[in-house]
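S.K.:
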Amino acid sequence: MKRFLILFATTHDALRAEQHWPQTGYPGKLRPIPRVLSASCGLCLQTDLPEHCQPQTLLEQANLEWEQIVEVLGKEYCIRASKT
Numbered sequence: 013m014k015r016f017l018i019l020f021a022t023t024h025d026a027l028r029a030e031q032h033w034p035q036t037g038y039p040g041k042l043r044p045i046p047r048v049l050s051a052s053c054g055l056c057l058q059t060d061l062p063e064h065c066q067p068q069t070l071l072e073q074a075n076l077e078w079e080q081i082v083e084v085l086g087k088e089y090c091i092r093a094s095k096t
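According to the working numbering, the sequence shown holds residues 13 to 96 in order.
Here you go:
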């Protein structure tokens, strides 16, 4: 499993993602963005996905807006996709 943080431009987008993410079949929860990262709204969706699963694909299938997708690698963060 890989851990991802999905960052959002607005609180509305984050809340909408929290509401619709369960439809993907994977766990997810809203949490504050770690201090070393930044996004406009200050919230991110944390989710654990299998190796073969791409968060960007799940977001597109659920028609959810997002700003960045960050993979958590131990105590480090790696940006995997960005809309900015």
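Where is the CB? At the ideal position from N, CA and C, for every residue including glycine.
Do S52 and E30 count as a contact pair if the criterion is CB distance below 8 Å?
M.R.: Locating residue 30 in the sequence shown gives position 18, counting from the first residue. Locating residue 52 in the sequence shown gives position 40, counting from the first residue. Contact flag unset, no.
S.K.: Are the segment 38–50 and the segment 15–25 touching, with three or more C-beta to C-beta distances below 8 Å?
M.R.: As far as the Cβ criterion goes, the segment 38–50 touches the segment 15–25, which means the pair count is three or higher.
S.K.: State yes or no: is the C-beta of L61 within less than 8 Å of the C-beta of K95?
M.R.: Numbered from its first residue, the sequence shown carries residue 61 at position 49. Numbered from its first residue, the sequence shown carries residue 95 at position 83. In this structure, K95 does not lie closer than 8 Å to L61 by Cβ.
S.K.: What first and last residue would you give for the beta strand (DSSP E) that runs through T59?
M.R.: As a first step, residue 59 is located in the sequence shown; it is residue number 47 there, counting from the start. First-last of the beta strand (DSSP E) with T59: 55–61.
S.K.: Which of the three DSSP states, helix, strand or coil, is assigned to Q66?
M.R.: On the sequence shown, residue 66 is found 54 positions in, with the first residue counted as 1. In this structure, Q66 counts as coil in the three-state DSSP scheme.
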